[in-house]
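I have placed the structure first, in the form of structure tokens, so that the comments after it can refer back to it.
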Amino acid sequence: MPRVLANMVDVYIFRRGGGGVELLQMCRADGSLMGTWHPVMGQIEEGETAVAAAIREMREEAGLEKGKGLVAMWALEQVHPYFLARRDTIVLSARFAAEVGPGWEPRMNEEHTAWRWVKGDEAGRHFMWPGQLGAVREVLEVVVKGGWGEEYLRLEV
5 MPRVLANMVD VYIFRRGGGG VELLQMCRAD GSLMGTWHPV MGQIEEGETA
55 VAAAIREMRE EAGLEKGKGL VAMWALEQVH PYFLARRDTI VLSARFAAEV
105 GPGWEPRMNE EHTAWRWVKG DEAGRHFMWP GQLGAVREVL EVVVKGGWGE
155 EYLRLEV
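Residue numbers for the sequence shown follow this note's numbering, beginning at 5 and rising by one.
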């Protein structure tokens, strides 16, 4: 029977500007995802909440934190399930959106080789997994456009 893990977080960092909404992607430096582009992502540590893990991962991977570029943060409703065949494991990943102010740029750690901003309306050309595209849609339709659930998903950070 496959293992089920619920110990991952994904954070979709975005900014608003004259050219529309842009989302941050970071290129993985090593492992099975080396050379591929993703949102900030990582594991929840023992005793840590999912929100605390998302905040820690943003700080570690992108240098983003309260008072240093972070404008607001939301929990996204959809938890992303995916299957790792090599490990016979079903993984559930909590998702978050984080808005940064104009002019903020990431400060990478050793987990990444590069970063880039991609336009929200071109996400289909840049995000490789269907689940990531679903999260981008939720960011754009619920968070950015102020959909019905935006106020309920906003976090105090």
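Built from N, CA and C at the ideal position, the CB exists for glycine as well.
{"Asked": "Contact set for MET30: own chain, Cβ-Cβ below 6 Å, skip 5 residues either direction", "Found": "HIS116, TRP119"}
{"Asked": "Neighbourhood of GLY3 by C-beta, 7 Å cutoff - its chain only, sequence neighbours within 5 removed", "Found": "Since the first and last residues shown for the chain are 5 and 161, residue 3 lies out of range."}
{"Asked": "SER97 classed as buried or exposed, judged by whether at least 16 other C-beta atoms fall within 10 angstroms", "Found": "buried"}
{"Asked": "Length of the line joining the Cα atoms of VAL25 and VAL8", "Found": "34 Å"}
{"Asked": "Sequence-distant residues of its chain with Cβ nearer than 7 Å to VAL122 (five each side left out)", "Found": "GLU26, LEU27, GLN29, HIS130"}
{"Asked": "Nearest neighbour of GLU142, chosen from MET5, ALA10, TYR16 [CA to CA]", "Found": "TYR16"}
{"Asked": "Whole-angstrom distance between GLY151 and ILE59, CA atom to CA atom", "Found": "23 Å"}
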